[in-house]
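Q:
There are 2 protein chains.
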Amino acid sequence: MQISELSDRSGLTVQTIKFYIREGLLPKGSVVSATRAEYDHRHLERLRLISALREVGDLPVAAIQRIVEAIEDERVSMHELFGTAQYAIGPHVAAPYDPHWRAARQDVDALVRELGWTVGDRSPARDLLAHTFVALRRLGFPITLTDLRPYVKAAAEVADHEIGRVADGAPRVRTVHTLLVSTVLYEQVLTALHRLAQEDASARRFG
Amino acid sequence: MQISELSDRSGLTVQTIKFYIREGLLPKGSVVSATRAEYDHRHLERLRLISALREVGDLPVAAIQRIVEAIEDERVSMHELFGTAQYAIGPHVAAPYDPHWRAARQDVDALVRELGWTVGDRSPARDLLAHTFVALRRLGFPITLTDLRPYVKAAAEVADHEIGRVADGAPRVRTVHTLLVSTVLYEQVLTALHRLAQEDASARRFG
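If you read the sequences in order, they're chains R and Z.
The numbering of the first sequence is the working numbering, which starts it at 1 and goes up by one.
The numbering of the second sequence is the working numbering, which starts it at 208 and goes up by one.
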């Protein structure tokens with residue numbers, strides 16, 4: 001297909017597509033003549049991934065570049081590839097390294113060990129959890145494993161479902177795409193459902 | 208206690224406390240002399256609630272005003288009170304009222320009916336869920352009840368736990384405080400744990 005059709009089918013302007021090619025996010029088309037290049041379904045799939053990353057993760061071009069490189073490098077395992085993408089989307093919270101934050105971060109590390117979960121030391125989710133622990137304590141809410149248990153169980157069940165949903169032998173770009181959408185958009189689905197379920201549980205108890 | 212002690216114990220400046228009194232968020236202290244007023248633990252508890260609402264919900268003064276009025280009006284039931292607070296914290300997404308959005312919102316309403324959940328028509332969580340449905344569809348992910356099922360289950364279990372945790376006969380201000388913190392901060396805990404659990408599930412499957 002020509003760039004105009006690629007533009008129609010991806011919903012992106014020709015200008016945007018050319019920008020992604022210049023930035024190395026999208027391979028050049030195969031040259032047909034001095035003024036024409038041909039694009040195929042791989043270009044379209046890549047553009048859809050880039051759009052998804054921009055839209056749901058609000059990712060800068062440099063982060064998308066890292067993800068795209070990892071997709072293309074077949075030596076990068078699926079697990080590393082997903083890690084690269086997940087770490088890039090963040091959210092990245094500032095770690096103030098004051099005593100409260102250090103204590104909370106140690107609690108997070110101890111929790112991950114106790115759960116026996118395989119999680120990299122540099123996972124931004126460790127900092128995110130430490131950040132909420134600091135906020136909870138400042139508001140006078142002590143954190144115990146008993147309090148956390150239902151959240152751990154819910155998180156593990158949802159994550160197992162999401163990783164289990166990946167089809168064996170699916171193309172890498174498709175798999176990363178699906179996992180990222182699960183991470184960001186289905187996380188919002190979970191938040192919205194949580195609010196709805198709270199209202200229902202409140203109605204049953206207090207209504 | 209005097210206003211200086213109230214400031215020390217709440218972590219808020221005297222200026223901020225006086226601002227909250229002027230705005231009607233905090234009752235005046237009892238007048239002891241022309242230049243001194245006495246404050247008690249109720250003032251402190253109220254200030255902690257206001258701080259929590261400002262901090263975790265980033266709520267404007269007018270929204271906090273509505274919550275405080277609902278706490279003081281004993282005719283407002285616990286369920287209505289929690290609804291007032293939950294609706295105030297949002298998040299409130301813009302409803303564009305285009306055909307995609309209307310279809311998504313109808314799907315949300317159908318889902319809530321099918322689940323048999325008691326949820327007000329004006330719950331901002333309905334709009335939030337519709338918003339994510341629109342984004343999922345735009346990215347080419349159809350939404351089915353089968354896909355949603357694990358999220359519904361996780362949300363319901365967490366919400367039941369949170370509402371069940373409220374002690375019978377606890378003071379209204381304490382109960383609202385606890386429920387709001389569950390809503391906002393434990394929701395972030397759930398998000399962080401979800402990311403950690405995903406990495407672990409990916410390690411087990413692909414690592």
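Yeah, the Cβ is synthetic: ideal placement off N, Cα and C, and Gly gets one too.
Once DSSP output is grouped into helix, strand and coil, what is the label at R243/Z?
A: Working through the second sequence from its first residue, we reach residue 243/Z at position 36. Strand.
Q: Using the beta-carbon of each residue, which ones in chain R are nearer than 8 Å to H368/Z?
A: Residue 368/Z sits at position 161 when you count from the first residue of the second sequence. Result: P150.
Q: Starting from S330/Z, find everything on chain R with Cβ-Cβ shorter than 9 Å and list it in chain order.
A: Counting from 1 along the second sequence, the entry for residue 330/Z is found at position 123. The contacting residues are R195, L196 and E199.
Q: Which value, in whole angstroms, describes the spacing of the CA atoms of A342/Z and S217/Z?
A: Position 135 of the second sequence, counting from 1, holds the residue named residue 342/Z. Position 10 of the second sequence, counting from 1, holds the residue named residue 217/Z. In a straight line, the C-alpha of A342/Z is about 42 Å away from that of S217/Z.
Q: Residues of chain R with CB under 8 Å from E364/Z, in chain order?
A: Sequence index remark: in the second sequence, residue 364/Z carries index 157 (1-based). In chain order: P150, K153 and A154.
Q: Can you have a look at Q395/Z and say buried or exposed, based on whether 16 or more other CB atoms are within 10 angstroms of its CB?
A: For the purposes of this step, residue 395/Z is taken as the residue at position 188 of the second sequence. Buried is the call here.
Q: In terms of DSSP beta bridges, what is S30/R paired with?
A: For the purposes of this step, residue 30/R is identified with residue 30 of the first sequence, where counting begins at 1. Answer by DSSP bridge pairing, in chain order: E38/R.
Q: Taking only three categories from DSSP, how would you classify P124/R?
A: In the first sequence, counting from the first residue as 1, residue 124/R sits at position 124. Helix, per DSSP.
Q: Quick one: using the 10 Å Cβ neighbour count with 16 as the cut-off for buried, is R105/R buried or exposed?
A: Looking up residue 105/R in the first sequence gives position 105. Label assigned to R105/R: buried.
Q: Name the residue from R261/Z, H250/Z and T220/Z whose alpha carbon lies nearest to the alpha carbon of V380/Z.
A: Position 173 of the second sequence, counting from 1, holds the residue named residue 380/Z. Nearest of R261/Z, H250/Z and T220/Z to V380/Z, Cα basis: H250/Z.
Q: Hey, how far is the Cα of Y294/Z from the Cα of R356/Z?
A: Here residue 294/Z is taken as the residue at index 87 of the second sequence, counted from 1. Here residue 356/Z is taken as the residue at index 149 of the second sequence, counted from 1. Rounded to the nearest angstrom, the two C-alpha atoms are 25 Å apart.
Q: Could you check the C-alpha separation between T382/Z and A95/R for me, to the nearest Å?
A: Here residue 382/Z refers to the residue found at position 175 of the second sequence. Here residue 95/R refers to the residue found at position 95 of the first sequence. Distance between the alpha carbons of T382/Z and A95/R is about 31 Å.
Q: Helix, strand or coil for G83/R, going by three-state DSSP, please let me know.
A: Walking along the first sequence from the start, residue 83/R turns up at place 83. Looking at G83/R - three-state DSSP - the assignment turns out to be helix.
Q: In chain R, what lies closer than 9 Å to Q293/Z by C-beta?
A: The residue given as residue 293/Z occupies position 86 in the second sequence. Per Cβ cutoff of 9 Å: R195, Q198, E199 and S202.
Q: Given a cut-off of 7 Å, decide if A362/Z and L185/R are closer than it, judged by their beta-carbon atoms.
A: In the first sequence, the residue the question calls residue 185/R occupies position 185. In the second sequence, the residue the question calls residue 362/Z occupies position 155. Cβ atoms of L185/R and A362/Z: not closer than 7 Å.
Q: If you measure from the beta carbon of T398/Z to each beta carbon in chain R, is any gap under 7 Å?
A: Counting from 1 along the second sequence, the entry for residue 398/Z is found at position 191. Taking Cβ atoms only, chain R reaches closer than 7 Å to T398/Z, which makes this a yes.
Q: Which class does E55/R belong to by DSSP, given the choice of helix, strand or coil?
A: Along the first sequence, one-based indexing puts residue 55/R at 55. Three-state result, E55/R: helix.
Q: If you follow the alpha helix (DSSP H) that H100/R is part of, which residue opens it and which one closes it?
A: Here residue 100/R corresponds to residue number 100 of the first sequence, with the count starting at 1. Segment P99 to L115, the alpha helix (DSSP H) holding H100/R.
Q: Counting contacts by CB-CB distance shorter than 7 Å, is R137/R in contact with chain Z?
A: Taking the first residue of the first sequence as position 1, residue 137/R is located at position 137. No, no contact with chain Z.
Q: Name the chain B residues that come within less than 8 Å of A259/Z, Cβ to Cβ?
A: Among the protein chains of the structure shown, namely R and Z, there is no chain B.
Q: I want to see whether chain Z comes within less than 7 Å of L145/R, judged by CB atoms only; does it?
A: Counting from one through the first sequence, the residue named residue 145/R turns up at place 145. No, its Cβ sits nowhere closer than 7 Å to a Cβ of chain Z.
Q: List, in chain order, every chain R residue whose beta-carbon is nearer than 7 Å to that of L392/Z.
A: Sequence index remark: in the second sequence, residue 392/Z carries index 185 (1-based). Result: T132, A135 and L136.
Q: Where do the N-terminal and C-terminal ends of the alpha helix (DSSP H) with H92/R fall, by residue?
A: Working through the first sequence from its first residue, we reach residue 92/R at position 92. Premise fails: H92/R is in no alpha helix (DSSP H) and is neither H nor E.
Q: Going along chain R in order, which residues have a C-beta closer than 7 Å to the C-beta of H286/Z?
A: Translated into the one-based positions of the second sequence, residue 286/Z becomes position 79. Correct list: S202, A203, F206 and G207.
Q: Identify, in the order they occur along the chain, each residue of the same chain with its Cβ nearer than 6 Å to the Cβ of Q15/R, setting aside the five sequence neighbours on each side.
A: On the first sequence, position 15 is the one that residue 15/R refers to. Closer than 6 Å at Cβ, skipping near neighbours: no residue.
Q: Any beta carbon of chain R sitting closer than 7 Å to that of W324/Z?
A: Looking up residue 324/Z in the second sequence gives position 117. Yes, its Cβ sits closer than 7 Å to a Cβ of chain R.
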